[in-house]
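J.: Sharing a structure below in structure tokens format, with a few things to ask.
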Amino acid sequence: MSIHTVINAAGRAVPAEINGKTATPFMGVGKHKPYGNKYGPVIPACSDFPEDGNKVVPTLEEALLRCGIRDGMTISTHHHLRDGDLISNRVFEIASVMGVKDLVWFPSASFPCNDPVIRYLEDGTINRIEGSMNGPLGRFVSEGRMKGTAVLRSHGGRVQAIQDGEVRIDIAVLAAPTADSFGNAKGTGGKSACGVLGYAKADSMYADKVIVVTDNLVDLPCFPMEIEGNYVDYVVVVDKIGIPEKIVSGTTQVTKSPDRLLIAELTAVFIEKSGILNDNVTMQAGAGGTSLAIAVFLHEMLKKKGWKSKFGFGGSTKYMVEMLEQGQMNYILDAQAFDLDSVISVGRNANHIPYSVFNAYNYHSKGNLTSMMDIMILGATEVDLNFNGNVVTHSDGYLLHGIGGWQNCLHAKNVILPLPLFRDRIPVIVDEVTTLCGPGELIDVIITERGIAINPLRQDLIESVRNSGLPLKTIHELKEEAEKICGKPSKATFEDKIVAAVKWVDGTVIDVVRKIKH
Amino acid sequence: MNNSLATSGNSGPKIRSDCEVVLELRNEGGVIIDLKSKVEVLYGESIKKQCLELFNYFGIRDAFLKIVDSGALPFVIASRMEAAIKQLTGTKLDFLPEFIDGNGYSTDRGNLRLSRLYLPGNTPSMMINAGLHHADGIILDLEDSVAPEKKDEARILVRNALRQVNFYGAERMVRINQGERGLKDLECVIPHNVNLVLIPKCEDPLEVKNIENKILEIKQQHGLTNPVHLMPIVETALGVEMSYMIARSSETIAAMAIGLEDLTADMGISRSVEGWETFYARTRIINAAKAAGIQPIDSVFADVGDMETLRQNVQSSKRLGFEGMGCIHPRQIPVIREGYGPTAGEIEKSRNIVLAFEDSRMKGLGVVALGTKMIDAPVVARAQKTIDLAIRLGLISTDWINDIQSEVK
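Chain order of the listed sequences is A and B. So in our numbering, spot 176 of the first sequence is number 302, and the numbers just go up one at a time. So in our numbering, spot 252 of the second sequence is number 255, and the numbers just go up one at a time.
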């Protein structure tokens, strides 16, 4: 079977049709203009719902049956319970027992705890996953064993797809640490607290049917409600929605690796010397060990200078919470809480504010938070000579990570990628990324332990650090340096079969992942 | 035991940037390579090609080779292969990887040696980025950090690292083993530009002499011109008593270090944080070194998680007269460098003294005064030393006098 592909604006061959639906090839950053109206779910009538507001049904099975679960439906879940999620797998276990086939799983992300769904991909319960895949799940897909084609989207791209109707959610199953019988729900409280439910909001608003699953039913009103009960069809009470110690990582840890600390320190010094750190700065850094170390260094700098960050955007961590509590950050706007300290903080600090993905990442919103951010610290598995970035596959071609908010965050003013020049023997800077996830025009600085490369499009940044004494190199020089140490790597080889499509933030197809050749 | 089977290197879940090689020589069947690599897709072919090149070099035509690779760089793979081949054939041939540009530098006897980072000689993952942490010296250790059965392969790995790893200007040091093995170590490493050799558990000036002669012999044999400095480490009660003799035993000695773990063990006492039990030994070493005009260097601080105690330790060490300390973790380096370097207050005071001295000299005055205080020559000399050290550490510019004058203007 030959696949009809077209060359998109990034020069990548992408299919014109994915899973039987027409797909638009990437047209360039900000070029795709949607038209028409946003998608709307079916109109409910309140007279169909209990007057006493009690929507509790005894089991998840019954709720799914009442939602009319049947072959080919799209079922969404969120990832706020992270690796402690007990609900997503359960949905497909039930569907499998019922004999339902060809479901589309539309998670906001998946974790290693979701590896058991491989069973339901194999037995035909699930046709495909449209969401991130790591570890064994990524391997399964890369080896071409999934029936449908995976679709990878950013957190913002997921909302975009929901809002413009590209993905129509039939049933959203939303695990909630606290909920009332009407379906109002939040991420704090109870034994499975995860902090916020930012990525579940769109699902609740746009799905035809919404099930809230909780292990902490409280009297109405569950307040402040992140999920509003007016969108919810059924509430299910279970013993446990998650495994607490796996929901939050307890404490996120600053890296202990001296090499990573070196990169973090160099990044902080770059941020200072380039002048992009200033009073009222806005910033975002992830929960990886290097990012956390950078946050600690930046916190010290702000303290020393007597400056404050106007706000930081979460994923929040205890290091961000420390800035908030010690007075170096005015607000944390938060889409997800990564550790226990931030879960506690969001529950008690009025300036630690749950913040929806609509306001932060979504292409169909009237503006976004990310483009207002001064400093954005991100990772990547590969960066190429044109500063293009890859976050979903490794150089060996296997699908191993989700996009998360990465693509959305590229719209910040200064996008900085602190990366080791090589991992073990694998160079991070390559001629051409294995999978294109983010166009180079949006990636400004690569900081490695052996030098800093600034995108030539950012002459202003180059100028700002010209006489700083920082180890500035071209990206070509960095690549050569790595290859001198590691040797020139061969490239992964692929078959023609497309196993996954990578969407850009606007819903167009920026690249594809093909089946690994053995 | 099977004499036709040799193993070298390391593998396991926690091993990175290394490989384990199991080699069996055969009489027929050609060379068979069984490769399991973390980087197989990207480097599988290149690893096999490299192995064939080594077999070819050593004239091996029939063998079964099993490699479990966790992302080893080419110089590591080459050393693991060579070690296995040497175990089985006893060949005297060496397979030398390219000596990279920039590894040929030499160092002065008076080089700063505030911080020297110890690297276990058989752990490649720690070598690759070691030079990035700005230690004054990098010590590739063949002695105590290498298990006895791994000594031979470590020697080859260290030799290859000296040729292929860029230490970015850090003084290239090797700690050799004691006795005969140490002399063999020298034969293996000296031809590859070692700036300084550390002599462990030194207690006899004759031993230093032997090592000096051996190095001289190797240098002549290979036509080497870069100086090779020596740093004896005193680690026994006898060594302490012999320290002045040791310090004076060779012109090539640049520094003398004390090793407190071994010393306290030798004396049958336990080592405390305050270190009063070794106070005599330490001051004796310092005095002997100063008398001989070389640098006294303090023992390593073992708790890599406790930077505060390290900081205090360095402060008292500096007050006694030590001019540097060994590091066993890169994060100790900045603490040690900062600790032995002059404080802002010391620099300020020294600047004022030197300026006052210059001022008096210009005015042709015989007496130097700072405020109401008279300053004599040794005070000026000490201030100048502090200024020199501050310049070398980059704390003030070489042109600090003019900088100050333009600031005033």
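The beta-carbon is built from N, C-alpha and C at its ideal position, and this holds for glycine as well.
At least one CB of chain A closer than 8 angstroms to the CB of B/His-225: is that the case?
T.: Not one chain A Cβ lies under 8 angstroms of B/His-225.
J.: Quick one: give me the first and last residue of the beta strand (DSSP E) that A/Met-663 is part of.
T.: Since the first residue shown for chain A is 127 and the last is 644, residue 663 of chain A is missing from the structure and cannot be characterised.
J.: Given that a residue counts as buried once 16 or more other Cβ atoms are within 10 Å of its Cβ, and exposed if not, what is A/Ala-390?
T.: Buried, by the Cβ-count rule.
J.: Between the alpha carbons of A/Met-127 and A/Thr-275, how many angstroms are there, rounded?
T.: Per-residue confidence for A/Met-127 stands at a pLDDT of 48, beneath the threshold of 50, marking its modelled position as unreliable; the derived number appears in the next sentence. The alpha-carbon atoms of A/Met-127 and A/Thr-275 are separated by roughly 14 angstroms.
J.: Taking its Cβ as the centre, do 16 or more other Cβ atoms sit within 10 Å of A/Asn-163, making it buried, or is it exposed?
T.: Classification for A/Asn-163: exposed.
J.: What three-state label does DSSP hand B/Pro-235 in the structure shown?
T.: In the structure shown, B/Pro-235 sits in a strand (DSSP, three-state: E or B).
J.: Are A/Ile-367 and A/Ile-213 touching if we call contact CB-CB under 8 angstroms?
T.: Yes, Cβ-Cβ distance for A/Ile-367 and A/Ile-213 is below 8 angstroms.
J.: Ends of the alpha helix (DSSP H) at B/Gln-318?
T.: From DSSP, the alpha helix (DSSP H) with B/Gln-318 extends over 310-323.
J.: For A/Asp-241, which of A/Gly-412, A/Ser-258 and A/Leu-229 has the nearest alpha-carbon?
T.: The shortest C-alpha separation from A/Asp-241 is found at A/Ser-258.
J.: If we count Cβ pairs, one from each stretch, closer than 8 angstroms, do we get three or more for the region 512-528 of chain A versus the region 424-433 of chain A?
T.: As far as the Cβ criterion goes, the region 512-528 of chain A does not touch the region 424-433 of chain A, which means the pair count is below three.
J.: So what does DSSP say about A/Arg-216, is it helix, strand or coil?
T.: Residue state, collapsed to three classes: helix.
J.: Taking buried to mean at least 16 other C-beta atoms within 10 Å of its own C-beta, is B/Lys-17 buried or exposed?
T.: B/Lys-17 is exposed by the Cβ-count criterion.
J.: Please classify B/Leu-117 as buried or exposed, where buried requires at least 16 neighbouring CB atoms within 10 angstroms.
T.: Classification of B/Leu-117: buried, given that the 10 Å Cβ count is 16 or more.
J.: Output needed for A/Asp-637: all residues of its chain with C-beta closer than 6 angstroms, excluding positions within five of it in sequence on either side, in chain order.
T.: Excluding residues within five positions, the ones whose Cβ falls inside 6 angstroms are Arg-138, Thr-561, Leu-562 and Val-628.
J.: To the nearest angstrom, how far is it from the Cα of A/Asn-488 to the Cα of A/Asn-534?
T.: Looking at the two C-alpha atoms, the distance is approximately 8 angstroms.
J.: Please classify B/Met-4: is it buried, with 16 or more other beta-carbons within 10 angstroms of its beta-carbon, or exposed?
T.: Low confidence applies here, because B/Met-4 scores a pLDDT of 42, under 50, leaving its location unreliable and the question unanswered by this model.
J.: Please report the distance separating the alpha-carbon of A/Ile-244 from that of A/Lys-605.
T.: Cα to Cα, A/Ile-244 sits roughly 38 angstroms from A/Lys-605.
J.: Residue range of the alpha helix (DSSP H) that B/Arg-2 falls in?
T.: Given that chain B is displayed from residue 4 to residue 412, the structure contains no residue 2 of chain B and the question cannot be resolved.
J.: For the region 44-73 of chain B, which residues have a beta carbon sitting closer than 8 angstroms to at least one beta carbon of chain A?
T.: Residues passing the 8 angstroms Cβ filter: Val-44, Leu-45, Tyr-46, Gly-47, Glu-48, Ser-49 and Ser-73.
J.: When we look at the beta-carbon of B/Arg-322 and count the other beta-carbons within 10 Å, is it buried (16 or more) or exposed?
T.: Classification for B/Arg-322: exposed.
J.: Please check if any C-beta of chain B sits within less than 8 angstroms of the C-beta of A/Met-127.
T.: Confidence at A/Met-127 is low in this model, with a pLDDT of 48, below 50, so the placement of that residue is unreliable and no value is reported for it.
J.: Flag this pair as yes or no: are the beta carbons of A/Ser-616 and B/Leu-145 separated by less than 8 angstroms?
T.: No, Cβ-Cβ distance for A/Ser-616 and B/Leu-145 is not below 8 angstroms.
J.: Following the continuous alpha helix (DSSP H) through A/Lys-610, name the residue where it begins and the one where it ends.
T.: It spans 601-612 - the alpha helix (DSSP H) in which A/Lys-610 sits, taken as one unbroken run.
J.: Can you list, in chain order, the residues of its chain whose CB lies under 7 angstroms from that of B/Leu-99, leaving out five sequence neighbours each side?
T.: Within the same chain, B/Leu-99 has close Cβ partners Arg-166.
J.: Is B/Val-79 near B/Asp-21, with beta carbons less than 8 angstroms apart?
T.: Their beta carbons are under 8 angstroms apart, which means B/Val-79 touches B/Asp-21 by this criterion.
J.: Taking all protein chains shown into account, do 16 or more other C-beta atoms lie within 10 angstroms of the C-beta of B/Glu-254, making it buried, or fewer, making it exposed?
T.: B/Glu-254 is exposed by the Cβ-count criterion.
J.: Go through the region 265-314 of chain A residue by residue and report every complete run of the beta strand (DSSP E) that reaches 3 residues or more, in order.
T.: Qualifying beta strand (DSSP E) stretches, in chain order: 276-278, 297-302 and 304-306.
J.: Suppose contacts are defined by Cβ-Cβ distances below 8 angstroms. Is B/Leu-26 in contact with B/Leu-68 by that definition?
T.: Against a cut-off of 8 angstroms, the Cβ pair of B/Leu-68 and B/Leu-26 comes out as a contact.
J.: What span of residues does the beta strand (DSSP E) with A/Leu-201 cover, start to end?
T.: The amino acid occupying residue 201 of chain A in the given sequence is Ile; Leu does not appear at that position. Looking at the DSSP string, the run of the beta strand (DSSP E) that includes A/Ile-201 is 200-203.
J.: To which residues does DSSP link B/Gly-12 through a beta bridge?
T.: Answer is B/Glu-23.
J.: Measure from the alpha carbon of A/Arg-640 to the alpha carbon of each residue in A/Lys-429, A/Leu-263 and A/Val-267, then state which is nearest.
T.: Comparing Cα positions, the closest option is A/Val-267.
J.: Here's the rule I'm using: 16 or more other beta-carbon atoms within 10 Å means buried, otherwise exposed. How should B/Lys-412 be labelled?
T.: Residue placement at B/Lys-412 cannot be trusted, given a pLDDT of 49 that sits under 50; what the coordinates show is reported in the next sentence. Counting Cβ neighbours within 10 Å, B/Lys-412 comes out exposed, since fewer than 16 surround it.
J.: Taking 7 angstroms as the limit between beta carbons, can you name the residues of its chain near A/His-281, skipping five residues before and five after?
T.: So the list reads Ser-234, Tyr-325, Val-483, Tyr-487, Gly-530, Gly-531 and Asn-534, once near-sequence residues are dropped.
J.: Leaving out the 5 sequence neighbours to the left and right, which residues in its chain are closer than 8 angstroms to A/Phe-548 when beta-carbon positions are compared?
T.: Contacts found: Val-554, Ala-608, Ile-611 and Cys-612.
J.: Per the DSSP calculation, A/Gly-438 is bridged to which residue(s)?
T.: BP columns for A/Gly-438 point to A/Met-409 and A/Ile-458.
J.: Determine the burial state of A/Pro-262: buried for a count of at least 16 other Cβ atoms within 10 Å of its Cβ, exposed for fewer.
T.: Exposed: under 16 other Cβ atoms inside 10 Å.
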